[in-house]
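Q: For the sequence shown, full-length UniProt numbering gives the first residue as 1, with consecutive numbering after it. A virtual CB, placed ideally from N, CA and C, is assigned to each residue, including glycine. Just dropping this structure here.
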Amino acid sequence: MADNLVIVESPAKAKTIEKYLGKRYTVKASLGHLRDLPRSQMGVDTENNYEPKYITIRGKGPILQDLRKEAKKAKKIYLAADPDREGEAIAWHLANQLGVDIDSDCRVVFNEITKDAVKNSFKTPRPIDMDLVDAQQARRILDRLVGYNISPILWKKVKKGLSAGRVQSVALRLIIDRENEINAFIPEEYWSITAQFEKDQTKFDAAFYGTDEKKLKLSNEQEVQNVLKAIEGNPFEVMKVVKKERRRNPALPFTTSSLQQEAARKLNFRARKTMMLAQQLYEGIPLGRAGTVGLISYMRTDSTRISDTAKEEAKTFIETMYGEEFIPTEKKETKSKSNAQDAHEAVRPTSVERTPAAMKQYLSRDQLRLYKLIWERFVASQMAPAILDTVAVDLMNNDYKFRANGSQVKFPGFMKVYIEGNDDATEQPVDEKMLPELVEEEQLKSEEIEPKQHFTQPPPRYSEARLVKTLEELGIGRPSTYAPTLDTIQKRGYVTLDARRFVPTELGVIVHEAVNEYFPDIIDIEFTASMENDLDRIEEGEIAWKEVIDAFYTEFEKHVEKADAEMEKIEIKDEPAGEDCEKCGSEMVYKMGRYGKFMACSNFPECRNTKAIVKKIDVKCPTCKEGEVVERKSKKRRIFYGCDQYPECEYVSWDKPIARACPKCNEQTLVEKRLKKGVQVQCTNEECDYKEEPQE
Numbered sequence: 001m002a003d004n005l006v007i008v009e010s011p012a013k014a015k016t017i018e019k020y021l022g023k024r025y026t027v028k029a030s031l032g033h034l035r036d037l038p039r040s041q042m043g044v045d046t047e048n049n050y051e052p053k054y055i056t057i058r059g060k061g062p063i064l065q066d067l068r069k070e071a072k073k074a075k076k077i078y079l080a081a082d083p084d085r086e087g088e089a090i091a092w093h094l095a096n097q098l099g100v101d102i103d104s105d106c107r108v109v110f111n112e113i114t115k116d117a118v119k120n121s122f123k124t125p126r127p128i129d130m131d132l133v134d135a136q137q138a139r140r141i142l143d144r145l146v147g148y149n150i151s152p153i154l155w156k157k158v159k160k161g162l163s164a165g166r167v168q169s170v171a172l173r174l175i176i177d178r179e180n181e182i183n184a185f186i187p188e189e190y191w192s193i194t195a196q197f198e199k200d201q202t203k204f205d206a207a208f209y210g211t212d213e214k215k216l217k218l219s220n221e222q223e224v225q226n227v228l229k230a231i232e233g234n235p236f237e238v239m240k241v242v243k244k245e246r247r248r249n250p251a252l253p254f255t256t257s258s259l260q261q262e263a264a265r266k267l268n269f270r271a272r273k274t275m276m277l278a279q280q281l282y283e284g285i286p287l288g289r290a291g292t293v294g295l296i297s298y299m300r301t302d303s304t305r306i307s308d309t310a311k312e313e314a315k316t317f318i319e320t321m322y323g324e325e326f327i328p329t330e331k332k333e334t335k336s337k338s339n340a341q342d343a344h345e346a347v348r349p350t351s352v353e354r355t356p357a358a359m360k361q362y363l364s365r366d367q368l369r370l371y372k373l374i375w376e377r378f379v380a381s382q383m384a385p386a387i388l389d390t391v392a393v394d395l396m397n398n399d400y401k402f403r404a405n406g407s408q409v410k411f412p413g414f415m416k417v418y419i420e421g422n423d424d425a426t427e428q429p430v431d432e433k434m435l436p437e438l439v440e441e442e443q444l445k446s447e448e449i450e451p452k453q454h455f456t457q458p459p460p461r462y463s464e465a466r467l468v469k470t471l472e473e474l475g476i477g478r479p480s481t482y483a484p485t486l487d488t489i490q491k492r493g494y495v496t497l498d499a500r501r502f503v504p505t506e507l508g509v510i511v512h513e514a515v516n517e518y519f520p521d522i523i524d525i526e527f528t529a530s531m532e533n534d535l536d537r538i539e540e541g542e543i544a545w546k547e548v549i550d551a552f553y554t555e556f557e558k559h560v561e562k563a564d565a566e567m568e569k570i571e572i573k574d575e576p577a578g579e580d581c582e583k584c585g586s587e588m589v590y591k592m593g594r595y596g597k598f599m600a601c602s603n604f605p606e607c608r609n610t611k612a613i614v615k616k617i618d619v620k621c622p623t624c625k626e627g628e629v630v631e632r633k634s635k636k637r638r639i640f641y642g643c644d645q646y647p648e649c650e651y652v653s654w655d656k657p658i659a660r661a662c663p664k665c666n667e668q669t670l671v672e673k674r675l676k677k678g679v680q681v682q683c684t685n686e687e688c689d690y691k692e693e694p695q696e
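Have a look at this one:
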């Protein structure tokens, strides 16, 4: 019989750890939380100092019984849930249910599931950290008070099945605010002039800058013609040549947020998928004779800190694989953000020796792609900076300045392994455009001078990566909340994804406006960020959790009472669908459901006929000008767009039309054309060359 019982969250984790610990340990899984607030009621006694009412989660009774049976046999019980607030709370609930003294050395934490890390953690068990538990309780109770007070009002005043939460309401606000910006955007015209040169068989471009005194903006064609007339036929004189050596530092190792962003950019992974795969890599992968091993450190973190052991291993690996010159000469000190909890290391491979190539045979395609991303980012973060040779040349022509830039990689450094992506492209390479040798006062003749018209573009809608980045920058949410927040606003039907970007639904706008009017603090960015800071202060032991709850609820309760009394019922009227029910002959109407609009028989409940509606995209047909453009699917399930007046109007397009006329020709509709590098807005007029920069 085993002397020790160890309890973790998942069966996969339990299986891995049991192999490491040996016969004296029995390892069981709780399958996450066993106790929580009840779903059927508030579960928080606001009249009794916000005392929570915890119950066993439905379906978890047999698991708890089994753990109690095992606990009676064991001489010692170790609680080894994940090393964060949620894990500490799971351990606390288990201790209460199994009769474990929370002040005893019962809590074991490890940042990675490897044999050495797990064995070492059992040498230094500690009591349960009640500050961590209280921070989790405070978040859970805050979210319950918000959700279970506002949601019933929305059910009564708007529609059943709606909900509102602290972080999700701010995320929805950001998406709606951005949509309003886009709708209000008025494109502004501007021009560029590019002069093309060739010297010593090297071609290069110089862009119009302005005068020697200041930078000038070219706003219209007349201004462009004035410049062209002034420089026509004149030689360009090299006024200044500036050569510099520039160092480019590698990106820091991944945090939860940066991992989700980069996986979205480079792998096209949704946040939820990224975290699911990362959990698998963390909990352990069978590696043949080596057994099951956790391949990455804990994946919920806001720290970029790396352990000295991992740094030394990386240094040895880099020196062996790439050479001594790829080891940085200066010691790197990484500073965490001011609002970072910094409880764990950054997301990194548990051993840099386990290269993606070596792991390929053990991992699924998506597991490998994510592991490769994490491994490369970590290795690059420990490498020397890249060194670039840059040249900037100013050329003058009749008091007008043009500027040419060139760069070349002198030493690749970290770029030999990895280059960070950005929100507008899947890769961010160095633009290697070398200029020929140029000297001051040298004169050059331009081979061609090209003027080009441009228009300013509206801000892009939020992709998952961009929204996570914005939430993090604003201090909204924490590593464990990003993916669930994005999931919730989609499941509630408040937003949809169009070309991988968030678009608010009509239902989302209605809920947002209701919450905004009566609960302004809930969607106030500064207020929500301040609440997150208070939760961090609870974790640090600086403030009692019930004080934070009371300070919030005292004012919030007044808003609830006011909304309940004053909010007018918002009637979402059924719109005639313009066709009859094929079952009973009554009129079909559009109804608003949890996941958007659908078509239903007006003779409900006698007739329960429903069907999906053709998706309109709020664009008038560019051919007949009468119909609406709708989204359809071909026999092979490929999406295309056509007029809802078909067959009277035969308009059809594989590219999605958007509700903006071309700002250049003012005649044709713009469309979103899918390219390998993203989505590009183009004009459908063959004689018009208007295009916008592609967006990821």
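F455: which of D689, D45 and K28 sits nearest, CA to CA?
A: For the purposes of this step, residue 455 is taken as the residue at position 455 of the sequence shown. Closest option to F455, Cα to Cα, is D689.
Q: Cβ of Y50 within 7 Å of Cβ of K115?
A: In the sequence shown, residue 50 corresponds to position 50, counting from 1. In the sequence shown, residue 115 corresponds to position 115, counting from 1. Cβ atoms of Y50 and K115: not closer than 7 Å.
Q: Sorted by chain position, which residues of the same chain lie with C-beta nearer than 6 Å to C665's C-beta, five sequence neighbours on each side aside?
A: Within the sequence shown, numbered from 1, the residue matching residue 665 stands at position 665. Taken in chain order, the residues that qualify are N685 and C688.
Q: By alpha-carbon positions, which one of A499, K72, C607 and E579 ends up nearest to P694?
A: Start at 1 with the first residue of the sequence shown, and residue 694 comes out as number 694. Taking only the C-alpha atoms, the option nearest P694 is A499.
Q: Skipping 5 residues on each side, what residues in its chain have a beta carbon closer than 8 Å to that of E283?
A: Counting from one through the sequence shown, the residue named residue 283 turns up at place 283. Excluding positions up to five away in sequence, the list reads S10, A12, K13, T16, I113 and G294.
Q: State whether the region 161-180 contacts the region 579-586, with contact taken as three or more CB pairs (one from each stretch) at a distance under 8 Å.
A: No contact exists between the region 161-180 and the region 579-586.
Q: Does DSSP put I7 in a helix, in a strand, or in coil?
A: If you number the sequence shown from 1, residue 7 lands on position 7. The answer is strand: DSSP assigns I7 an E or B state.
Q: Distance, Cα to Cα, N220 vs V227?
A: For the purposes of this step, residue 220 is taken as residue 220 along the sequence shown, with counting starting at 1. For the purposes of this step, residue 227 is taken as residue 227 along the sequence shown, with counting starting at 1. Those two C-alpha atoms are separated by around 11 Å.
Q: If you scan the region 97-161 from start to end, which runs of the alpha helix (DSSP H) of 4 or more residues do you find wholly inside it?
A: 115-121 and 130-157
Q: With C-beta atoms as the reference, is R466 less than 7 Å away from F502?
A: Within the sequence shown, numbered from 1, the residue matching residue 466 stands at position 466. Within the sequence shown, numbered from 1, the residue matching residue 502 stands at position 502. For R466 and F502, no; Cβs fall outside 7 Å.
Q: Please classify M299: is it buried, with 16 or more other beta-carbons within 10 angstroms of its beta-carbon, or exposed?
A: Position 299 of the sequence shown, counting from 1, holds the residue named residue 299. Buried, by the Cβ-count rule.
Q: What does P576 pair with, by DSSP beta-bridge criteria?
A: Taking the first residue of the sequence shown as 1, we reach residue 576 at position 576. In the DSSP output, where bridge partners are listed per residue, P576 has V589.
Q: Can you tell me whether R270 is buried or exposed, with buried defined as 16 or more other CB within 10 angstroms of its CB?
A: In the sequence shown, the residue the question calls residue 270 occupies position 270. Classification for R270: buried.
Q: Please classify Q382 as buried or exposed, where buried requires at least 16 neighbouring CB atoms within 10 angstroms.
A: What you label residue 382 is simply residue 382 of the sequence shown in a count that begins at 1. The residue is buried, with at least 16 neighbouring Cβ atoms inside 10 Å.
Q: Consult DSSP for T202 and reduce its assignment to one of helix, strand or coil.
A: The residue you call residue 202 lines up with position 202 of the sequence shown. If DSSP states are grouped into helix, strand and coil, T202 belongs with the strands.
Q: Does Q428 come out as helix, strand or coil in the three-state DSSP assignment?
A: As a working mapping, residue 428 is identified with position 428 in the sequence shown. Reliability of the predicted coordinates at Q428 is poor, the pLDDT of 44 falling under 50, and no value is obtained from them.
Q: In three-state DSSP terms, what is K215?
A: Sequence index remark: in the sequence shown, residue 215 carries index 215 (1-based). Strand, per DSSP.
Q: Which residue wins for smallest C-alpha separation from E447, given the options N120, E526 and A206?
A: The residue you call residue 447 lines up with position 447 of the sequence shown. Nearest of N120, E526 and A206 to E447, Cα basis: A206.
Q: So within the region 515-555, which uninterrupted beta strand (DSSP E) runs reach at least 3 residues, ignoring any that extend past its ends?
A: Under the rule that a run must span 3 or more residues, no beta strand (DSSP E) segment is found entirely inside the region 515-555.
Q: Could you check where the alpha helix (DSSP H) with E628 kicks off and where it finishes?
A: Reading the sequence shown from its first residue, position 628 is the one you call residue 628. Note, E628: premise wrong, no alpha helix (DSSP H); beta strand (DSSP E) at E628 to K633.
Q: By DSSP, does E223 sit in helix, in strand, or in coil?
A: Working through the sequence shown from its first residue, we reach residue 223 at position 223. Reduced to three states, the DSSP call for E223 is helix.
Q: Which residue marks the beginning of the beta strand (DSSP E) containing Q680, and which one marks its end?
A: Counting from one through the sequence shown, the residue named residue 680 turns up at place 680. Q680 -> beta strand (DSSP E) spans G678 to C683.
Q: Specify the secondary structure class of Q453 as computed by DSSP and reduced to three states.
A: Taking the sequence shown and counting its residues from 1, the one referred to as residue 453 is at position 453. It is a strand residue.
Q: Could you give the DSSP three-state label for F642: helix, strand or coil?
A: If you number the sequence shown from 1, residue 642 lands on position 642. Reading the sequence as shown, one finds Gly at residue 642 and not Phe. DSSP places G642 in strand when its eight states are reduced to three.
Q: Report the option in N603, G642 and D45 whose CA atom is closest to the CA atom of S586.
A: Indexing the sequence shown from 1 puts residue 586 at position 586. Selection N603, G642 and D45 evaluated against S586 yields N603 as nearest (Cα-Cα).
Q: Where does N609 fall in DSSP's three states?
A: The residue labelled residue 609 in the question sits at position 609 within the sequence shown. Reduced to three states, the DSSP call for N609 is coil.
Q: Quick one, which of I617, M599, D618 and K616 has its alpha-carbon nearest residue 702's?
A: Lying outside 1 to 696, the shown extent of the chain, residue 702 is not represented and no answer is given.
Q: Out of R674, C662 and L675, point me to the one whose CA is closest to C683's CA.
A: Position 683 of the sequence shown holds residue 683. The option with the nearest alpha carbon to C683 is C662.
Q: Measuring alpha carbon to alpha carbon, tell me which of E506, F254, V548 and E526 ends up nearest A471.
A: For this step, residue 471 is matched to residue 471 along the sequence shown. Just to set this straight, residue 471 is Leu in the shown sequence, not Ala. Among E506, F254, V548 and E526, the Cα nearest to that of L471 is on E526.
Q: Cβ of D498 versus every heavy atom of the ligand NAP: is any distance shorter than 6 Å?
A: The model on display carries no ligand, and the ligand NAP is accordingly not part of it.
Q: Are the beta-carbon atoms of V238 and E442 separated by less than 7 Å?
A: Stepping through the sequence shown from its first residue, residue 238 is reached at position 238. Stepping through the sequence shown from its first residue, residue 442 is reached at position 442. The answer is yes: Cβ separation under 7 Å.
Q: Starting from the C-beta of L259, find all residues in its chain whose C-beta is less than 6 Å away, skip the five residues before and the five after it, and write them out in chain order.
A: In the sequence shown, the residue the question calls residue 259 occupies position 259. Excluding positions up to five away in sequence, the list reads V347.
Q: Leaving aside the five residues before and after F110 along the sequence, list all residues of the same chain whose C-beta is less than 6 Å from its C-beta, in chain order.
A: In the sequence shown, counting from the first residue as 1, residue 110 sits at position 110. Excluding residues within five positions, the ones whose Cβ falls inside 6 Å are A117, V118 and S121.
Q: Keeping to the same chain, check which residues put their C-beta closer than 8 Å to that of V8; ignore five residues upstream and five downstream.
A: For the purposes of this step, residue 8 is taken as residue 8 along the sequence shown, with counting starting at 1. Taken in chain order, the residues that qualify are A14, I17, V27, K28, A29, S30, A80 and A81.
Q: Buried or exposed for W155, going by 16 or more other Cβ atoms inside 10 Å?
A: As a first step, residue 155 is located in the sequence shown; it is residue number 155 there, counting from the start. It is exposed - the Cβ of W155 has fewer than 16 other Cβ atoms within 10 Å.
Q: Can you list, in chain order, the residues of its chain whose CB lies under 6 Å from that of N249, leaving out five sequence neighbours each side?
A: Here the question's residue 249 lines up with position 249 in the sequence shown. Within the same chain, and ignoring the five residues on either side of N249 in sequence, the residues whose Cβ sits closer than 6 Å to its Cβ are P385.
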